[in-house]
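Okay, so here's the structure we're looking at.
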Amino acid sequence: MEELFSSDEMLSLIEKGRLRGYITIEELLQNLPEELEPEAIEDTLSLLETQGIQVLPGSEVAELEL
């Protein structure tokens, strides 16, 4: 799991999430390896939440930006 969060892409995404307070589920899925187990995805979501980063559907973000 630590390897997942040490990639440049994920570190950049986490920083973006800290600045905005959220990332979209689409952004997250684009940066996760395709072969990741469902449990690891849940762990990732939990870890992001503990960092104060919400994971939102793109449709909710579009509403926030209006």
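Going by our numbering, the first residue of the sequence shown is number 169, and it counts up by one from there.
Note that the Cβ used here is the ideal one computed from N, Cα and C, for glycine as well.
Legend entry - residue 191 versus residue 221: straight-line alpha-carbon distance, rounded: When rounded, the distance between both Cα atoms is 7 Å.
Inset, instruction - Note down, in chain order, each residue of its chain lying with its Cβ closer than 6 Å to the Cβ of residue 225, except the 5 sequence neighbours on either side. - result: Taken in chain order, the residues that qualify are 193.
Inset, instruction - Please list, in chain order, all residues of the same chain as residue 186 whose beta carbon is under 8 Å from its beta carbon, the five residues on each side excluded. - result: Scanning its chain for C-beta atoms nearer than 8 Å, with the 5 sequence neighbours on each side dropped, one finds around residue 186 the residues 219, 220, 221, in chain order.
Inset, instruction - Name, in chain order, the residues that DSSP records as bridge partners for residue 204. - result: None, per the DSSP bridge assignment.
Legend entry - Sequence-distant residues of its chain with Cβ nearer than 7 Å to residue 213 (five each side left out): Within the same chain, 223 come within 7 Å of residue 213 by CB-CB distance, once the 5 residues on both sides are set aside.
Inset, instruction - Specify the secondary structure class of residue 222 as computed by DSSP and reduced to three states. - result: Correct three-state label for residue 222: strand.
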